[in-house]
Amino acid sequence: MDGEGCPTLLSSLHIFIAETPMTQTYPMDPLQAVTHPNPYPYYAELRRNAPLSRNDTLNLWVAARAETVRTVLGDERLTVRPANEPVPRTIAGQPAGEVFSRLARMNEGNDHRAARQALIKGLSVVDTESVFRSARAHAATLIGHSGAMNDEVLAALAFALPVRIVAELIGLPADDSLEATVRRFIACLSPASSIEALRDAHEAALQLQAGLHALTQDRSRMPALIDRMVSGGLDASAAVPNVLVSNLLGMFSQTFDATAGLIGNSIVTLARHADVTERLLDAPSDIHAFVHELARFDPAVHNTRRFVREMVCIEGVALQPGDAVLVVLAAASRDESVSASADHFSPDREQVQLLTFGSGRHACPGETIARAITAGVVAGLVASGFDFADPALHWTYRPSANVRIPAFTFMDAA
Ligand code: HEM
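Positions in the sequence shown are counted from 1; adding 582 to them yields the numbering used here.
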């Protein structure tokens, strides 16, 4: 395809921030928006820009409207990794890189399709009601054992508990060190990780693979979820790295930050909406509608990226091979064309596709599990009588270019 009929629109070269007076407290760019206290007015401006706007500083095209986001994510000429760097250079050829190269999330074409189908087949054995109950029970135990509520308990609910639930689903014995090992592994996904953190990530990759590999060797004793993945065609060859073990490990990395973000953002929303907390106390089963709306209103995953493999014309812009697009899922989630009064938090609204879980061929196959875990944890907190409106509860956002995860502290009033 050539660029004819697809002239680059001049207006698309203007991005909002270039025209924003310095006095406004908008984030500087869509990456900073992820951890901004209130990025949503900025996201609204991004949606008002041309459907694809150029951010020269970041060297990215930016898609923020729901329709454009779906178009970008639905087009196979835009891929999840750059053609010249299928595995980040920092980890290529090393243990974490070997896992990365086998993840469905990071592949395209036949490898992706086959692995995805097998993953979906495996995940289909999961009973999300049981996941919800298990998460709620674990949350109650954790809160009960902790005595007083503090920031460590909230962090354990957000990070350690979802890891434990995924371990249960896979049949992996979960000890207290599992969360830390998963955390060490996911450092390999960040370009900002130090050499030491990457060294640690490789060790963690080997450690996690060893545990998971042990589960996959005896077909007669395999947990149902893994058995389905093997019958779905995932390579479970005798040695690691293999596709099965890599994607089982990938379930932990896909869950970790994203679910922590959804749980943390739920706490923030309840801290701001006492009426909603009251409602959940009166009608606990409304928790599922609450989490669905929360995932639209203040989602965890704020953006993802696509890389142009061959020239493609989208919304009048000729994207060239090598171009990268920042797909701002959190801006698209509040698009009025999808949800009326989108800036209003309303668990009673009609449920629409949640863009924080992506769209198209790479859309999250763990969405219902993630929502069930979140609902269980938040239900456990609500039932414990946790005071979401406690004036001592404060938060900032953990550094991240794509996932919005609050870090809580309890501060006495001065
Ligand atoms: C709140 C929690 C979660 C959020 C917000 C989330 C979000 C996402 C998003 C946005 C993608 C697509 C990325 C892209 O297209 O660039 C994705 C993919 C994926 N997610 Fe999730 N996820 C969550 C939890 C989970 C859980 C619990 C699992 C599994 C247990 C999971 C498994 C996966 C897998 C395997 C993929 C890759 C799918 C593919 O490439 O075909 N996720 N997730």
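Backbone N, C-alpha and C fix where the C-beta goes; we use that ideal spot for every residue, glycine too.
Quick caveat: nothing in here was measured; it's all calculated off a predicted structure.
So does Phe834 have its beta carbon nearer than 6 Å to some heavy atom of the ligand HEM? no
How about Ala678 and Ala783: do their beta carbons lie closer than 7 Å? Yes, Cβ-Cβ distance for Ala678 and Ala783 is below 7 Å.
Is the beta carbon of Gly948 within less than 6 Å of some heavy atom of the ligand HEM? yes
Could you give the DSSP three-state label for Asn620: helix, strand or coil? coil
Around the Cβ of Glu658, are there at least 16 other Cβ atoms within 10 angstroms (buried) or fewer (exposed)? Looking at its Cβ environment, which holds fewer than 16 other Cβ atoms inside 10 Å, Glu658 is exposed.
By the three-class DSSP mapping on this structure, what secondary structure does Thr950 have? helix
Using a threshold of 6 Å, is the CB atom of Arg687 nearer than that to any non-hydrogen atom of the ligand HEM? yes
Contacts around Met811, its chain only, beta-carbon distance under 7 Å, and the 5 residues preceding and following it disregarded: Ala700, Leu701, Lys703, Gly704 and Leu826
The alpha helix (DSSP H) spanning Asn829 covers which residue range? Val825 to Arg854
Taking only three categories from DSSP, how would you classify Pro633? coil
Any 3 or more C-beta pairs closer than 8 Å across the segment 728 to 742 and the segment 638 to 648: no
Comparing C-alpha positions only, which one of Ala717, Ala821 and Val899 sits nearest to Arg746? Ala717
Verify the contact flag: Phe939, CB atom, against every heavy atom of the ligand HEM, threshold strictly below 6 Å. yes
6 Å Cβ shell around Gly962 - same chain, five flanking residues per side excluded: Closer than 6 Å at the Cβ level, and outside the excluded window around Gly962, lie Arg718, Ala721 and Ala722.
For Thr938, which option in Ile896, Asp925, Ala615 and Pro881 has the closest C-alpha, if you only look at C-alpha atoms? Pro881
Taking the beta strand (DSSP E) that Val763 belongs to, which residues open and close that run? Note on residue identity: the sequence assigns Thr, not Val, to residue 763. That residue, Thr763, is in no beta strand (DSSP E); its alpha helix (DSSP H) goes Leu760 to Ile768.
Three-state secondary structure (DSSP) of Arg718: helix
Should Glu875 go down as buried or exposed, given a rule of 16 or more other Cβ atoms within 10 Å for buried? buried
Could you tell me the alpha carbon to alpha carbon distance between Val651 and Ile869, rounded to whole angstroms? Taking the straight line joining both Cα atoms gives about 28 Å.
Around the Cβ of Arg766, are there at least 16 other Cβ atoms within 10 angstroms (buried) or fewer (exposed)? buried
Are the Cβ atoms of Ala696 and Gly815 separated by less than 7 Å? Cβ atoms of Ala696 and Gly815: closer than 7 Å.
In this structure, how does DSSP classify Tyr979 when only helix, strand and coil are distinguished? strand
Quick check on Ala779: does DSSP put it in helix, strand or coil? In the structure shown, Ala779 sits in a helix (DSSP, three-state: H, G or I).
So Leu830 and Leu794 are supposed to be a Cβ contact under 8 Å. How far apart are they, rounded? 5 Å
For Ser828, which option in Phe968, Ile752 and Ala957 has the closest C-alpha, if you only look at C-alpha atoms? Check the Cα spacing between Ser828 and each of Phe968, Ile752 and Ala957: the tightest is with Ile752.
Please name the residue, chosen from Met833, Ser813 and Leu807, that lies closest to Gln791 on a Cα-to-Cα basis. Met833
Give the range of the alpha helix (DSSP H) segment to which Pro988 is assigned. Pro988 -> not in any alpha helix (DSSP H); beta strand (DSSP E) instead, spanning Pro988 to Phe992.
Burial state of Val997, where buried means 16 or more other Cβ atoms lie within 10 Å: Nothing can be reported for residue 997: it is not among the residues displayed for the chain, which extend from 583 to 996.
Could you compute how far the alpha carbon of His855 sits from the alpha carbon of Ser775? 36 Å
Spatial neighbours of Ser680 within its chain, please: CB distance less than 6 Å, with the 5 preceding and 5 following residues excluded, ordered by chain position. Checking the sequence shown, residue 680 turns out to be Glu, not Ser. For Glu680, where only same-chain residues beyond five positions count, the Cβ hits under 6 Å are Pro823.
Residues near Met993 in its chain [Cβ-Cβ closer than 7 Å; skip 5 each side]: Ala974 and His976
Using 7 Å as the threshold, is the C-beta distance between Val890 and Leu660 below it? Cβ distance < 7 Å, so Val890 and Leu660 count as in contact.
Nearest-angstrom Cα distance between Thr991 and Gly942? 38 Å
Only counting the same chain, and skipping five residues up and downstream in sequence, which positions put a Cβ closer than 6 Å to that of Ala913? Tyr625, Leu628, Arg629 and Ala646
Assign Gln836 to one of two classes, buried (16 or more other C-beta atoms within 10 Å of its C-beta) or exposed (fewer than that). buried
Between the beta-carbon of Val910 and the beta-carbon of Val654, is there less than 7 Å? No, the pair does not count as a contact, with Cβ atoms beyond the cut-off.
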